[in-house]
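Reviewing the structure listed below.
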Amino acid sequence: MSPASRLPPETRRKIRLGVNIDHVATLRNARGGFAPDPLRAAQAALKAGADGITAHLREDRRHINDEDMRRLKHSIDAPLNFEMAATEQMLDIALRIMPHACCLVPEKRTERTTEGGLDVVGGEKYLIPFVNELLRAKIRVSLFIEPSFEALAAAKAIRAPVVELHTGAWCHALEIGETEKAGAEFSKLRAAAAEAARLGLECHAGHGLDFKTARTIAALPELVELNIGHFLIGEAIFIGLDASVRQMIEAIAEGAGA
Ligand code: PXP
Numbered sequence: 001m002s003p004a005s006r007l008p009p010e011t012r013r014k015i016r017l018g019v020n021i022d023h024v025a026t027l028r029n030a031r032g033g034f035a036p037d038p039l040r041a042a043q044a045a046l047k048a049g050a051d052g053i054t055a056h057l058r059e060d061r062r063h064i065n066d067e068d069m070r071r072l073k074h075s076i077d078a079p080l081n082f083e084m085a086a087t088e089q090m091l092d093i094a095l096r097i098m099p100h101a102c103c104l105v106p107e108k109r110t111e112r113t114t115e116g117g118l119d120v121v122g123g124e125k126y127l128i129p130f131v132n133e134l135l136r137a138k139i140r141v142s143l144f145i146e147p148s149f150e151a152l153a154a155a156k157a158i159r160a161p162v163v164e165l166h167t168g169a170w171c172h173a174l175e176i177g178e179t180e181k182a183g184a185e186f187s188k189l190r191a192a193a194a195e196a197a198r199l200g201l202e203c204h205a206g207h208g209l210d211f212k213t214a215r216t217i218a219a220l221p222e223l224v225e226l227n228i229g230h231f232l233i234g235e236a237i238f239i240g241l242d243a244s245v246r247q248m249i250e251a252i253a254e255g256a257g258a
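For what it's worth, this note's numbering labels the leading residue of the sequence shown as 1, then goes sequentially.
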C-alpha cells in the first residue's frame, strides 16, 4: 500500500489529472495514416483513471487535427480541455466543438513546445473578448501563465476563472541539474499557487512534469489539476499507457497526501 492510500480518506486531497494526448498524434503524423489513434489513447488513459483529456489544436496542425478534436468531444465521456491560441479561427472551432474547457496558450510556429506563459501583462485588451465569448458559451477558461504575481493580477483583471502555472522552467532546471535555479523556480510556483488562491483563481499546473516532479508539486495545497502529456506518452513505450497513467495518479496522490 502506498503512503497516500494509507491516509484516512478525509485527509487525502484529490488533484485531477488531465492527460495530454498530443504526442500520440505526433507519432501518427510521422507516418501519415491513422495509427496510433489519439482517441484510443484518450480512452485508455480514462480507463486507467485519468480525470480528463487535454489536446492542443495548433495553428499548423502538427499533431492534433480538427477531426481528432471532433472525435474526442463526441466519443469520450469525460471533460475535454481544448488548448488553443487566442485567434479568431480557434475561437470559432472551440465554439463549434464546445469542449468542457479551453486553455489559452501562446503559440509560436517555430517552437517545439509551448515555451512560456501567455503574454497576459499588457495583453488584457486583446484577451478579454476571447475569455468573454468562451465563458458566455459556458466553457471553462484557463490562462497558461508564468508563475508570477504580475501575470496572476492580469489573469484576475481578464476575469479568467482558472490559471495554469507553467512548470517548464522548474522541470527543465531539475533535468539539467541546476539545483539552485530549480529551487528558485519552485519557490515561484509555490508563491504563485498561494497568490492564485488568494485572488480566488482556480489553480492548475503543467509542462514537463514526470513522476517525481508531479509528486513534489502535488504537495502545494492550492493545486486542483495537473495536465501532463509528453512524459506519460514516452513512458508508455516502456510500461504501457495504462501503467504510466496509474503510476502518475499514485505519484500525485502521494504528493497531495504528503
Ligand atoms: N499544459 C499546457 C498548457 C501545455 O501547453 C502543455 C504542453 O502541450 C502541457 C500542459 C503538457 O506538457 P507536457 O507535454 O510537457 O507534459
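C-beta atoms are modelled at their ideal positions from N, C-alpha and C, and glycine is treated no differently.
Remember, it's a predicted structure, so these values are computed and weren't measured experimentally.
Extent of the continuous alpha helix (DSSP H) run through residue i
| i | result |
| --- | --- |
| residue 130 | 124 to 136 |
| residue 142 | Here residue 142 belongs to no alpha helix (DSSP H); instead the beta strand (DSSP E) covers 140 to 145. |
| residue 183 | 179 to 198 |
| residue 76 | Residue 76 -> no alpha helix (DSSP H), and no H or E assigned at all. |
Nearest-angstrom Cα separation, counted from residue j out to residue i
| i | j | result |
| --- | --- | --- |
| residue 56 | residue 66 | 10 Å |
| residue 91 | residue 130 | 7 Å |
| residue 252 | residue 211 | 8 Å |
| residue 223 | residue 31 | 38 Å |
| residue 189 | residue 37 | 34 Å |
| residue 244 | residue 236 | 6 Å |
| residue 195 | residue 221 | 12 Å |
Range of the contiguous beta strand (DSSP E) that encloses residue i
| i | result |
| --- | --- |
| residue 54 | 52 to 56 |
| residue 245 | It is not in any beta strand (DSSP E) - residue 245 instead sits in the alpha helix (DSSP H) that spans 241 to 257. |
| residue 84 | 80 to 84 |
| residue 204 | 202 to 206 |
| residue 20 | 16 to 20 |
Closer than 7 Å: residue i CB and nearest the ligand PXP heavy atom
| i | result |
| --- | --- |
| residue 65 | no |
| residue 105 | yes |
| residue 60 | no |
| residue 165 | no |
| residue 238 | no |
| residue 100 | no |
| residue 209 | yes |
| residue 183 | no |
| residue 229 | yes |
| residue 74 | no |
Buried or exposed (CB count within 10 angstroms, at least 16 for buried), residue i
| i | result |
| --- | --- |
| residue 216 | buried |
| residue 82 | buried |
| residue 21 | buried |
| residue 204 | buried |
| residue 70 | exposed |
| residue 150 | exposed |
Rounded distance between the beta-carbons of residue j and residue i, thought under 8 Å
| i | j | result |
| --- | --- | --- |
| residue 63 | residue 87 | That belief does not hold up - the Cβ atoms of residue 63 and residue 87 are roughly 17 Å apart, past 8 Å. |
| residue 13 | residue 225 | So it is not a contact: roughly 12 Å between Cβ atoms. |
| residue 141 | residue 152 | In fact, because the Cβ distance is near 15 Å, the residues do not count as touching under 8 Å. |
| residue 146 | residue 172 | Not confirmed; about 14 Å, so no contact. |
| residue 23 | residue 239 | About 16 Å; that fails the 8 Å criterion. |
Residue-chain proximity (residue i, chain B), Cβ-Cβ < 8 Å
| i | result |
| --- | --- |
| residue 223 | In the displayed structure, chain B is absent; only one protein chain is listed. |
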